[in-house]
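*Asks:* Going by the UniProt record's numbering, the sequence shown opens with residue 1, and the numbers climb by one from there. For glycine and all other residues, C-beta sits at the position ideal for the given N, C-alpha and C. Keep in mind the model is a prediction, meaning the values are calculated, not measured.
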Amino acid sequence: MSGLFKARYTLSRSQVLERTWPFVLDLGVAAGLLACFYAVLLIARYWMSGAVPEVVISLRPGILPVYAFYSVVRIGVAYLLSLLFAVGYGYVAAYNPRVEALMIATLDILQSIPVLSFLPALMLAMMALVPSRQLGIEMGAILLIFTGQVWNMAFSFYASLKSIPRELREACTINRFSAWQRLWQLELPFSAIGLIWNSMVSVAGGWFFLMICEMFPVGDKNFRLPGLGSYLQTAANEGNTRAMVYGLVTVGVIIVLTDQLIWRPMIAWSDKFKFENVESGDRVTSPILFALRRSNVLATLSRRTLIPLSEKIYHDLAYRREHQQKTPVKAADERRNTLLTAVVGLALVMMVIAAAFHALLLLKNIHAAEIVLLLKGAAATFLRVNVSLLIAMAWTVPVGVAIGFNPRLSKIAQPIAQIAASFPATALFPVVLLGLMKLGAGLGIGSIALMLLGTQWYVLFNVIAGALAVPSDLREVADVFHFNRWQRWKTVILPGIFPYLITGLVTASGGAWNASIAAEYFSLKGQTLMTLGLGAQISQATYQGRFSVLLLATIIMALMVVTINRLVWRRLYKLAETKYRLDA
Numbered sequence: 001m002s003g004l005f006k007a008r009y010t011l012s013r014s015q016v017l018e019r020t021w022p023f024v025l026d027l028g029v030a031a032g033l034l035a036c037f038y039a040v041l042l043i044a045r046y047w048m049s050g051a052v053p054e055v056v057i058s059l060r061p062g063i064l065p066v067y068a069f070y071s072v073v074r075i076g077v078a079y080l081l082s083l084l085f086a087v088g089y090g091y092v093a094a095y096n097p098r099v100e101a102l103m104i105a106t107l108d109i110l111q112s113i114p115v116l117s118f119l120p121a122l123m124l125a126m127m128a129l130v131p132s133r134q135l136g137i138e139m140g141a142i143l144l145i146f147t148g149q150v151w152n153m154a155f156s157f158y159a160s161l162k163s164i165p166r167e168l169r170e171a172c173t174i175n176r177f178s179a180w181q182r183l184w185q186l187e188l189p190f191s192a193i194g195l196i197w198n199s200m201v202s203v204a205g206g207w208f209f210l211m212i213c214e215m216f217p218v219g220d221k222n223f224r225l226p227g228l229g230s231y232l233q234t235a236a237n238e239g240n241t242r243a244m245v246y247g248l249v250t251v252g253v254i255i256v257l258t259d260q261l262i263w264r265p266m267i268a269w270s271d272k273f274k275f276e277n278v279e280s281g282d283r284v285t286s287p288i289l290f291a292l293r294r295s296n297v298l299a300t301l302s303r304r305t306l307i308p309l310s311e312k313i314y315h316d317l318a319y320r321r322e323h324q325q326k327t328p329v330k331a332a333d334e335r336r337n338t339l340l341t342a343v344v345g346l347a348l349v350m351m352v353i354a355a356a357f358h359a360l361l362l363l364k365n366i367h368a369a370e371i372v373l374l375l376k377g378a379a380a381t382f383l384r385v386n387v388s389l390l391i392a393m394a395w396t397v398p399v400g401v402a403i404g405f406n407p408r409l410s411k412i413a414q415p416i417a418q419i420a421a422s423f424p425a426t427a428l429f430p431v432v433l434l435g436l437m438k439l440g441a442g443l444g445i446g447s448i449a450l451m452l453l454g455t456q457w458y459v460l461f462n463v464i465a466g467a468l469a470v471p472s473d474l475r476e477v478a479d480v481f482h483f484n485r486w487q488r489w490k491t492v493i494l495p496g497i498f499p500y501l502i503t504g505l506v507t508a509s510g511g512a513w514n515a516s517i518a519a520e521y522f523s524l525k526g527q528t529l530m531t532l533g534l535g536a537q538i539s540q541a542t543y544q545g546r547f548s549v550l551l552l553a554t555i556i557m558a559l560m561v562v563t564i565n566r567l568v569w570r571r572l573y574k575l576a577e578t579k580y581r582l583d584a
């Protein structure tokens, strides 16, 4: 009798848990939505307040939650802008052969231009656009963070589109998918793994440049925005070790929460988009994703709003497509559209030529000795960039493959890698530099260490994404035929990760050139340390207001990066598109 009562009690308790657990989840989701709404109100009130370009940065630990909120919002908004730009730019470049080469060359140039080269013009333009509100200064800082996040995401999406298997494209054509349906049903899912891992390293890049983007001089003004970057920079300038520890601990807490609440659920969700013929036995799991899938609030929201809205959009697109096919475009309309496109394109070209002409007029005041010094600096930076890439590739390829092939190891190593990648290397660099100086090494070697700290994650995260994207059936075939380690690397691993590896190396190369502005010119305990290099010359020209030298140094850096991409990386991209694709 007691056993029957115990069984009934256990059953009723499980029923209670089954009924109350979704209710608790719904309360959590509702609380999260309310918190997001309140955060939007707070940031809108701050951005629409009067402009204060030189905020006094307090080092009190109690102010850190407010500073952390401002920094997270800046990085988050910059990431959303980066994601939209990457998808739009990559889509247009991949499907328009006439402008593809030009767009990829432009992307090469833009990713090679350092943040400090954008800084003066961008900040002054944003302040002129919104002169009396804090929004102008904030948008300037957000766009600066955007320039440090967007390029690797754009390259990743473009490379994914170029490597979509032929049979999947043919299936979309047979089912008469519209461009919008193909984007949501094929292209975004196929590129999801690469985009998510590149999103992680993009956000890490945002943390890397946070100290530069929240505290910087422009002419006779020293801009300071409330945030973790300016807090850490002020603590470093004043030599306040305790404040630096508080700031770094806050950054660590934010990174851990971001990893567990956002990246881990996204990785687990994207695992279903692997291109394979058999289901893998090892799946990435996330308690947060499991909880969100059990939420009644989100299920109701999806069922009553998202699904009907998507169905209506698909229906309208299909109806419009059929109507356009039945109603042929008149020759006069085609000529009118072509003429309008030509006029707009010509106007843009004329504007670019005029702007370039006025910019080149600044170069007439540069002496021959300064040009020779810039060329020597370019050679020195070129050597440091390639050394840092070789060191990064030597350890990230085997480690990334091990993490991608082993979900248990990924659960442990991926959060550690995310934390290490997101920690501002510019905040850790004083400790590294002091240690190197005690060993007798100067800033010349120290700059390689800082480049490595800032760019090795581009390679690692892309290799992890490539290893995750390798179909499980290929690995099982290697097991069936008893491949040894060398055969696995030669026939399965390296071909499988090759497109992702090239994307990582391209973006890491651009990131290393960009990081040279902080690596070769550094302030430590009131002293400015610099070594021969193009990054140091760009930093020095920015702080001294010598815009002619800044322009020429930026042009030299962009030309070097584009030349390398044309001669090396673009050929490897072509090889990845033609030989190492997952076609049937």
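Going by the beta-carbon positions, is the gap between R224 and E54 smaller than 8 Å?
*Replies:* yes
*Asks:* Excluding five sequence neighbours on each side, which residues of the same chain lie with their C-beta closer than 6 Å to the C-beta of K579?
*Replies:* none
*Asks:* Under the three-state reduction of DSSP, which class applies to L59: helix, strand or coil?
*Replies:* coil
*Asks:* Between A465 and G194, how many whole angstroms is the CB-CB distance? I'm expecting something under 8 Å.
*Replies:* Yes, A465 and G194 are in contact; Cβ-Cβ is about 5 Å, under 8 Å.
*Asks:* Please report the Cβ distance between T338 and G535, rounded to the nearest whole angstrom; I am assuming they are in contact, meaning their Cβ atoms lie under 8 Å.
*Replies:* With a Cβ gap of about 45 Å, T338 and G535 do not count as contacting.
*Asks:* Using C-beta distances below 6 Å, list every residue in its chain close to W263, excluding the 5 sequence neighbours before and after it, in chain order.
*Replies:* If the five residues before and after W263 are omitted, its C-beta is found closer than 6 Å to the C-beta atoms of M200, all from its own chain and listed in chain order.
*Asks:* Between which two residues does the alpha helix (DSSP H) harbouring Q233 extend?
*Replies:* L228 to E238
*Asks:* Beta-carbon within less than 7 Å of V52's beta-carbon, same chain only, minus the 5 sequence neighbours each way: which residues are those?
*Replies:* Closer than 7 Å at Cβ, skipping near neighbours: Q134.
*Asks:* With respect to the beta strand (DSSP E) encompassing M530, which residues constitute its N-terminal and C-terminal limits?
*Replies:* Q527 to M530
*Asks:* If the criterion is Cβ atoms closer than 8 Å, does the pair S509 and V385 meet it?
*Replies:* yes
*Asks:* According to DSSP, F223 sits in a beta bridge with which residue or residues?
*Replies:* F216
*Asks:* In its own chain, which residues sit with a C-beta less than 8 Å from the C-beta of L374, not counting the 5 before and 5 after it?
*Replies:* L534, Q537, V549, L552, A553 and I556
*Asks:* What runs of the alpha helix (DSSP H), each 4 residues or longer, lie entirely inside the region 145-215?
*Replies:* 166-174, 179-182, 192-208 and 210-214
*Asks:* Which stretch, first to last residue, makes up the alpha helix (DSSP H) that contains S71?
*Replies:* In the DSSP assignment, S71 falls within the unbroken alpha helix (DSSP H) covering L64 to Y95.
*Asks:* Could you tell me the alpha carbon to alpha carbon distance between F190 and E476, rounded to whole angstroms?
*Replies:* Answer to the nearest angstrom: the Cα atoms are 22 Å apart.
*Asks:* Near R13, what residues of its chain come up, given a Cβ to Cβ distance below 6 Å and the 5 sequence neighbours on each side ignored?
*Replies:* Here the model assigns R13 a pLDDT of 48, short of 50, so the residue's position is not dependable, and the following value carries that caveat. Taken in chain order, the list of residues that qualify is empty.
*Asks:* What does the Cβ neighbour count give for R74, buried or exposed, with the cut at 16 atoms within 10 Å?
*Replies:* R74 is buried by the Cβ-count criterion.
*Asks:* Write down every uninterrupted run of the alpha helix (DSSP H) in the region 402-452 whose length is 4 residues or greater and which is fully enclosed by it, in chain order.
*Replies:* 407-422 and 425-438
*Asks:* Tell me the residue span of the alpha helix (DSSP H) that contains S49.
*Replies:* S49 -> no alpha helix (DSSP H), and no H or E assigned at all.
*Asks:* In whole angstroms, what separates the C-alpha of I517 from that of R570?
*Replies:* 25 Å
*Asks:* Excluding the five sequence neighbours on either side, which residues of its own chain have a C-beta within less than 7 Å of the C-beta of A68, listed in chain order?
*Replies:* Cβ within range, chain order: L228, T250 and I254.
*Asks:* What does a CB cutoff of less than 6 Å around Q111 pick up in its chain, not counting 5 residues either side in sequence?
*Replies:* W151 and G510
*Asks:* R570 lies in the alpha helix (DSSP H); which residues open and close that run?
*Replies:* R570 to T578
*Asks:* Across the region 450-467 and the region 497-508, are there enough close Cβ pairs to call them in contact, namely three or more that are closer than 8 Å?
*Replies:* yes
*Asks:* Hey, how far is the Cα of S178 from the Cα of S310?
*Replies:* 13 Å
*Asks:* Who are the near neighbours of G247 in its chain, counting only those whose CB is closer than 8 Å to its CB and skipping five residues on each side?
*Replies:* Closer than 8 Å at Cβ, skipping near neighbours: L64, L228, Y231, L232, A235 and A427.
*Asks:* Rounding to the nearest angstrom, what Cα-Cα distance links V492 and A417 in this structure?
*Replies:* 25 Å
*Asks:* Excluding sequence positions up to five away, which residues of its chain have a Cβ less than 6 Å from the Cβ of F85?
*Replies:* V150
*Asks:* Would the beta-carbon of E520 fall within 8 Å of that of S163?
*Replies:* It is not a contact, given that the beta carbons lie outside the stated cut-off.
*Asks:* My guess is that I145 and A44 are in contact by the Cβ rule of under 8 Å, so how many angstroms apart are they, rounded?
*Replies:* The Cβ separation is near 19 Å, so there is no contact.
*Asks:* Apart from the five residues just before and just after V329, which ones in its own chain have a Cβ nearer than 7 Å to its Cβ?
*Replies:* Residue placement at V329 cannot be trusted, given a pLDDT of 49 that sits under 50; the coordinates are not used to answer.
*Asks:* Whole angstroms are fine: how far does the CA of W269 sit from the CA of R303?
*Replies:* Going from the Cα of R303 to the Cα of W269 covers about 19 Å.
*Asks:* State buried or exposed for Y38, treating a residue as buried only when at least 16 other CB atoms are found within 10 Å of its CB.
*Replies:* exposed
*Asks:* DSSP state of F547, grouped into three classes?
*Replies:* helix
*Asks:* Look at the Cβ atom of P499, then the Cβ atom of K274, and state whether they are nearer than 8 Å.
*Replies:* The answer is no: Cβ separation not under 8 Å.
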